[in-house]
Amino acid sequence: MREKRREATIERIVERAMHLLETEGFEALTIQRLAKELDYAVGALYRYFRSKDALLVALLHRVMDRMGEDMAAGLEWIDNERAQRLASAGQPADTPLTESEGLLRLIVVSNVYVGFAQGRPTEYGLISTLIGDPREFLATEAAAPIFPALVRLQLMLTAVINDAVQAGALVKGDARERGVILWSAMQGVLQLRKLGRFGVAGVELARLVPIALRTLLLGWGATRELVDELTPRAVEISSVLNKQRAARRAQELATRTNDCSTDGSEDGSLPSDPPEADESDEVNHGTT
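Quick note on numbering: the UniProt record's numbering labels position 86 of the sequence shown as 86, and the sequence is numbered without any gaps.
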């Protein structure tokens, strides 16, 4: 019960931190400000996150885990459809991927990533800020725990690209390098999303994203006809997954809110909160 209560409290802190990022931006996220938003003692927050760096690491872990879950869901959707087709045709489950199937998996994963950025702008914005901004928001040592999550995403994308090569959809090449290029291209195009508010011509994401993806795939050996044939299906799958994810997210938030109200005190404060941090606390923990 105690561990469950702690997990619920950490979840509440992380969710409020995300909300603060969304409404007021990165600079507004400080331990002191977050404590005020939650009506917690500053010292109480430090029981859960030793510094702002630790909080950012938790936020980034959350974002990358969710991104990986979305990408995995896209692949699972395709694999389930394929399993049904093979079963109906009386073919073994280990039948090699066709050229079309291999390429569809890659296009779907790419569109799921774009859908994540558009459907979760706050979480995507956190990654963009920490990666794209020249300022060092997170100390190198503190960022080390994030690397395993990054590696998992890279391995997933590398595997999908390798599968497309094995299926004959792409010519041979360094799958890891291609994954980095693909991610960088999508990231670069998505960075232009803010310009859409000003009506700048030529920066419509709905056009640029598929053009960028198509250009890369053709350069890696995919046929124009197959890319054009599979793209609408990939966009459709991504759209359905985005809607399902949004519905699950709403349910999670509703459940979490109910859990916090039943597990915590009536005023929402942390159980057994210590008194407000004094000057010595600020010296020990920093003023992040």
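Cβ atoms here follow ideal geometry from the backbone N, Cα and C, with glycine treated the same way.
Roughly how many angstroms separate the alpha carbons of G173 and L103, rounded to a whole number? 15 Å
Which of the three DSSP states, helix, strand or coil, is assigned to R120? coil
I need the boundaries of the alpha helix (DSSP H) containing A54, first residue and last residue. K52 to S88
In whole angstroms, what separates the C-alpha of T95 from that of T23? 49 Å
Just reading off the alpha helix (DSSP H) that W183 is part of, what are its end residues? A175 to L190
Taking the alpha-carbon positions, what's the M18 to L59 distance? 8 Å
Boundaries of the alpha helix (DSSP H) in which P148 is found, first to last residue: F147 to Q166
Along the alpha helix (DSSP H) that carries K36, what are the first and last residues, could you check? I31 to L38
In three-state DSSP terms, what is R207? helix
Candidates E99, E81 and S100: which alpha carbon is nearest A93's? E81
Tell me the DSSP secondary structure of T231 in three-state form. helix
In its own chain, which residues sit with a C-beta less than 6 Å from the C-beta of W77, not counting the 5 before and 5 after it? I237
From which residue to which residue does the alpha helix (DSSP H) around V14 run? R2 to E24
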